[in-house]
Structure formats: C-alpha cells, structure tokens
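Written out below as structure tokens is the structure these notes cover.
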Amino acid sequence: MNFNEQQIQRYARHILLDHVGGTGQSKLLQAKVLVVGAGGLGSPVLLYLAAAGVGTIGVIDDDRVDLSNLQRQIVHSTDSVGMAKVESAKKTIAAINPEVNIVALNERITVDNALDLIGDYDLVADGSDNFPTRFLVNDACYFTQKTLVSAAILRFDGQVYTFKPHQKDDHGNALPCYRCLFPEAPPPGQIPSCAEAGVLGALCGTIGSLQATEIIKELLGIGDSLAGSLMIYEGLSSEFRKISVKADPGCPLCGENPSIIDLSGHGS
Amino acid sequence: MKITLKLYAALGKHLPDHAVRGEVEIDVDSGDTLERVLVAHDVPLEHCHLVLVNGHYVAPSERAGKVLEDGDALAVWPPVAGG
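Protein sequences, first through last, are from chains A and B. Numbering follows my numbering, with no gaps: position 56 of the first sequence is 48. Numbering follows my numbering, with no gaps: position 54 of the second sequence is 43.
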C-alpha cells in the first residue's frame, strides 16, 4: 500500500517503530474492529484506534449521552448530551481522523444480530457494562473464530483479557475463552454496576488504553499476546498483576464436551 | 496450620476486623479445601470469580478439590463487568 504525504506525516511515529513500520501501518489502515459499548472503556479504545488509523471501526451502543457520563466517557462532550452515543463518538472520531470509516450502530448487540455483525470484523473489543452482553459477545466470537479483547472496570480496579480459543499458544496448548474463566454470570443484581458503585474516571483511561494497546498488538501480530493471561490493575495500591490462565477442558463452550453449541441460550 | 487469605475489592467486607490491607492470616484444618475455607468465612462462592493460590490460577472446576497447605496464600477477586 502506498501512503500519501499526509498519511506519512500522520502516522510517522508508528512507521518509525521497528514492530510497525510501513507494513504494519498498512495493516492497521485495512483492519476492521468492532467496539461494543461507547462508554468509559469504549471511549479511549475508540480514540486510540481512530488515531492509529484503524481503517474501519464499528461501534455499537443503544444509549444516549448523559451529563453523568462525561466524568469518564471522554469520546463525548457537553454539547453531545442527549445525542446517541454512537453518533457522538462518530463526530469526535471524524474530528481526530477523517480517514477512518466509522460504522455507528445505534442498537444493542443481541442474539439475533451478533453473529452477522461480528462476522464483518477482524477483531472485537468488549467494553460493555453488563454480564449478559459479555457472555453473548464471547460466545459469538467463539462461533465466528474472532479474537476478542475484553476489559472491565469497577471503582478503582480493572481487568484486561485477550481471548482466542480458536488458536493455540506457542506450546500447542489450547487458549481459554471468557467462559473458561467465568463459566456463568453471577446472579442478577448481586454485583454492582459502575452506576451503582462508582468508578474513577481516569481508571477508564488506564484500562481502555491497555485494551487499545492489546488490540493493536493483535492486529499487527507483534509482541506477546495477552491470550492465556489476564491483567489486573488495582488503582488504590498502584499494582499491576499478570496472571497465567488456562483453557478449561470442562468449559461449556470451548471444552471437550460443549453444552453450548449455538447462541440459543441467550435472551433476545 | 496457617494460611493467608486475601480478598479483593468488594469481597474485602468478608475479612475479619483485624485484617490489614485486605489480607489476614487464618488457621485452617489440615486437609481443608479452598472452597471449604471460603465458605467458612461466609464468602459467597458465586462471587469468587478469580482465585489464585500462591499466585497461581485455580480453574473453577479445580476449586472444590484444591487442598490448601501450610503457608499458602489464597487470593480471590470478585466478578467485574463495568465498562
């Protein structure tokens, strides 16, 4: 792929990197990423993917911008209050990098649209705010064999994971999916959301930026994939941990005798 | 025998009052399993999403049978789904 003068200038600091170069930047310009949720995590992910020149970014969210979002959801601004989040994000991204093709999907990801939607993209980034969506996205990524880079936050803490159970690690071992780690969602109402328990705004930037870094690594195929590990950050103690995790042979989705063979167990 | 119990984030409320910085040394019986210790401390098992012993991940299917040893450090994180 040939770059024009503006592209050479815009992406110069990427092209300088040995692990990226012109070849890597071309990969980013041709990549297609679906971001689930345009909230606290989706904001930095969208901003950094757009700035990096990821060619097509889909963003799905059925919510509208509320004043209480602006403490952390930095892709939105005060004049976007009341606007659909995906339209607000599209406006911000167009201002950062007009080369990016933004697909704004003002709807929820559901059992009816998940497979078709995810099938159109190279990779999925989950920044949703609830367990049912996280399990649906995991299962749909497994059935479409798409890499899933997921993150979650609450109060002062966050977690980042990469799931690609359709691949093996360097030693030929199976890689886990979300259900290998968390077979089922906790009972509804028992685990508070950010709206109920609060979240430090800057934490979204910490965790969302880690998520964006892992996405770009996966798109470029560089470095050590986070698949097979998970990262935990504890803001109050300023501690990062990287923990090795493994595929569960008893996983109901990707295990040896799966009980989940399609998305029919998810509500519409 | 003694082990160290570390409960993170909202699970910290299940620690005894004398816990410091989210962890406490506790007495457990020889042969006690990880799940038995958590139940004895009123930690709801459905809230134990990530469990480590001495820094090593213990898969959900291994927890019921995981026997703790003297000096082990048991660390547990609750589920997180915020975005």
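For every residue, glycine included, the Cβ atom is placed at its ideal position computed from N, Cα and C. Here the structure is a predicted model, which is why all the values come from computation and not from measurement.
Handout entry: Cβ-based neighbour list, residue 33/A, same chain, cut-off 7 Å, excluding 5 preceding and 5 following
Key = Answer for residue 33/A: 119, 143, 145, 196, 199, 200 and 203, listed in chain order.
Exercise for the section: Kindly say whether residue 185/A, judged by its beta-carbon, lies nearer than 7 Å to any beta-carbon of chain B. Expected result: Taking CB atoms only, residue 185/A has a neighbour in chain B less than 7 Å away.
Handout entry: Inter-residue spacing [alpha-carbon to alpha-carbon] between residue 87/A and residue 157/A
Key = The C-alpha of residue 157/A is placed about 36 Å away from the C-alpha of residue 87/A.
Problem - Span of the alpha helix (DSSP H), counted from its first residue to its last, around residue -3/B - result: First-last for residue -3/B: undefined, no H or E at that position.
Problem - Beta-carbon proximity list for residue 16/B, same chain, < 8 Å, skipping 5 on both sides - result: Closer than 8 Å at the Cβ level, and outside the excluded window around residue 16/B, lie -10 and -9.
Handout entry: Cα-Cα separation, residue 191/A to residue 126/A
Key = Rounded to whole angstroms, residue 191/A to residue 126/A spans 19 Å at the Cα level.
Exercise for the section: Would you grab the beta carbon distance between residue 177/A and residue 141/A for me? Rounded to a whole angstrom, and I think it's under 8 Å. Expected result: The distance from the Cβ of residue 177/A to that of residue 141/A is about 20 Å, inconsistent with a contact at the 8 Å cut-off.
Handout entry: Where residue 7/B falls, given that 16 or more other Cβ within 10 Å makes a residue buried
Key = Exposed, because fewer than 16 other Cβ atoms sit within 10 Å of the Cβ of residue 7/B.
Handout entry: Residue(s) in a DSSP beta bridge with residue 207/A
Key = Answer is none; residue 207/A lacks a bridge partner.
Handout entry: Residue-level contact to chain B via CB, residue 56/A, 7 Å cutoff
Key = By this cut-off, residue 56/A is not an interface position.
Handout entry: Option in 206/A, 173/A, 256/A and 73/A with minimal Cα separation from residue 46/B
Key = The closest CA to that of residue 46/B, considering only 206/A, 173/A, 256/A and 73/A, is found on 173/A.
Practice task
Determine the burial state of residue 231/A: buried for a count of at least 16 other Cβ atoms within 10 Å of its Cβ, exposed for fewer.
Solution key: A residue is called buried when at least 16 other Cβ atoms come within 10 angstroms of its Cβ; residue 231/A does not meet this threshold and is exposed.
Exercise for the section: Measuring alpha carbon to alpha carbon, tell me which of 38/A, 223/A, -2/A and 1/A ends up nearest residue 29/A. Expected result: Here the closest residue by C-alpha is 38/A.
Exercise for the section: Would you kindly work out how many angstroms separate the C-alpha atoms of residue 0/B and residue 170/A, rounded to a whole number? Expected result: Looking at the two C-alpha atoms, the distance is approximately 21 Å.
Practice task
Could you pull out every residue in the same chain whose Cβ sits closer than 6 Å to the Cβ of residue 30/B, ignoring the five residues on either side in sequence?
Solution key: Taken in chain order, the residues that qualify are 3.
Exercise for the section: Closer than 8 Å, Cβ to Cβ, to anything on chain A: give me those residues from the segment 36 to 55 of chain B, in chain order. Expected result: Listed in sequence order: 36, 38, 39, 41, 44, 45, 46, 48, 49 and 50.
Exercise for the section: Enumerate in chain order the residues of its own chain whose CB-to-CB distance from residue 105/A is below 8 Å, with the five nearest sequence positions on each side excluded. Expected result: Correct list, in chain order: 99.
Exercise for the section: Taking only beta-carbon positions, decide if residue 9/B is within less than 7 Å of chain A. Expected result: Answer no: the Cβ-Cβ gap between residue 9/B and chain A never drops below 7 Å.
Exercise for the section: Excluding the 5 residues preceding and the 5 following residue 62/A in the sequence, name in chain order all residues of the same chain whose CB lies nearer than 7 Å to its CB. Expected result: Counting only Cβ-Cβ distances below 7 Å, and skipping sequence neighbours, we find 68 and 70.
Practice task
Pull up the distance between the alpha-carbon of residue 56/B and that of residue 10/B, whole angstroms please.
Solution key: Distance between the alpha carbons of residue 56/B and residue 10/B is about 25 Å.
Problem - Residue-chain proximity (residue 122/A, chain B), Cβ-Cβ < 7 Å - result: For residue 122/A, the closest Cβ of chain B is nearer than 7 Å.
Practice task
Could you tell me whether the Cβ atoms of residue 64/B and residue 27/B are closer together than 7 Å?
Solution key: Not a contact, by the Cβ cut-off of 7 Å.
Problem - CB contact below 7 Å: residue 65/B versus chain C - result: This model lacks chain C altogether; the protein chains it does include are A and B.
Handout entry: Three-state secondary structure (DSSP) of residue 36/B
Key = Looking at residue 36/B - three-state DSSP - the assignment turns out to be helix.
Practice task
Output, in sequence order along the chain, the residues in the segment 239 to 259 of chain A whose CB is closer than 7 Å to any CB in chain B.
Solution key: Listed by position, the residues of the segment 239 to 259 of chain A near chain B (Cβ gap below 7 Å) are 240 and 242.
Practice task
Run down chain B in chain order and give the residues with a C-beta less than 9 Å from the C-beta of residue 191/A.
Solution key: In chain order: 71.
Handout entry: Of the residues 214/A, 27/A and 184/A, the one placed nearest residue 109/A, counting alpha carbons only
Key = Of 214/A, 27/A and 184/A, the residue nearest in Cα terms is 27/A.
Practice task
Measure the CB-CB distance between residue 150/A and residue 225/A and report whether it falls below 7 Å.
Solution key: Yes, Cβ-Cβ distance for residue 150/A and residue 225/A is below 7 Å.
Handout entry: Where the beta strand (DSSP E) through residue 153/A begins and ends
Key = First-last of the beta strand (DSSP E) with residue 153/A: 149 to 155.
Practice task
Identify the continuous beta strand (DSSP E) that holds residue 232/A and give its terminal residues.
Solution key: From DSSP, the beta strand (DSSP E) with residue 232/A extends over 231 to 236.
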